[in-house]
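Last residue of the sequence shown: 1285 in the numbering used here, with the numbers rising by one and none dropped.
Beta carbons: idealized from backbone N, C-alpha and C, even for Gly.
Computed from a predicted structure; not experimentally measured.
The structure under discussion appears below in the form of structure tokens.
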Amino acid sequence: MLTDISKATTLYLTPVLMLTSLFLVLFAYLAPAVMLHSQVSLLTVTPSLALTQSGSTAVDGPSMFIGMLGSCSKPNNAAGLTCTSPSISPHYNTSVFTPNTPSSVLAPPPTVAPAFLAVSLAFSIIFFIMFTAISFRHLMGKAGNIWEKPMIQRASAWIGISSFLVGLASFLIIRMYFGKAADDFNQSIRGQGTNGPQLIANTSNAFTMIWVGYAFFAVPVVVSLAKLHVLATK
């Protein structure tokens, strides 16, 4: 029974986890410029009195949602969102803020970061296709023979671990970058006292999606490396 459970987990659950990981990371990468404009972002700047007046947090004002490929913003809570064109060299629209807003710290990360992540996502998709094909090769008849080759299975494992490490490392760097940007933004507003803009910056839910996505991604990577280890010891 334990063998059947292990086999079912490897064959059926692991590809589902990999597919879920792809969707989570892809949504976090594309939002908010392409999709989920106000629901998912890496960094948010929202109206708040928390930094200028103790005991008060809610207020109307401009908002901005920042992502890897661009940003969406609105001048007040009731207004609609305006999003920039998606690009790996994005321009964040800070025109909704007042002149005393420290907008300069809300700069996009270096272009190399989105580029590395795009490459990582492309290889992750390739790994998902190869991993799924290797897992279900016994159902493909003669067409599944190609996936029996040790060279193909080694290539799949190396593509998986490479895309996992590159993507995770890139997102860790971006998390530190935007975390510092939020701290600098809030510190500048706090330094202006009661005359400062009624705003607050925070890292947002896209990072939670990324960490969950890469936790799921780790499962098929470990399974592939285990198969690679078995092949190496034969």
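N1237 is classed as buried because its beta carbon has at least 16 other beta carbons within 10 Å across all chains shown.
Counting along the chain, the unbroken beta strand (DSSP E) around S1114 starts and ends at 1114-1117. Non-local beta-carbon contacts of D1235 in its own chain, meaning distances under 8 Å to residues more than five positions away in sequence, involve P1153, V1156 in chain order.
The DSSP-derived three-state label of V1217 is helix. Contact annotation: A1277 and T1254 have beta-carbon atoms that are not nearer than 9 Å. By the Cβ criterion, the segment 1194-1209 is not in contact with the segment 1133-1144, since fewer than three pairs of Cβ atoms, one from each stretch, lie closer than 8 Å.
Bridge pairing for L1250: P1098 [DSSP].
Around the C-beta of G1244, fewer than 16 other C-beta atoms lie within 10 Å, and the residue is accordingly described as exposed. Of I1117, L1068, S1072, L1100, the smallest CA-CA separation from V1085 is found for I1117. The beta carbons of I1210 and A1164 sit no closer together than 9 Å. Judged by beta-carbon spacing, Q1090 lies within the 9 Å limit of N1256, meaning their Cβ atoms are closer than that value. Under the three-state reduction of DSSP output, S1122 falls in the strand class.
In the DSSP secondary-structure assignment, T1133 is bridged to S1124. In the DSSP annotation of this structure, the continuous segment of the alpha helix (DSSP H) that includes T1183 starts and ends at 1163-1186. Excluding sequence positions up to five before and after V1273, its CB lies less than 6 Å from no other CB in the same chain. L1064 and F1268 have their C-alpha atoms some 12 Å from each other. V1110 is not a Cβ neighbour of L1102, given a cutoff of 9 Å. Taking the Cα positions, P1159 is about 17 Å away from H1088.
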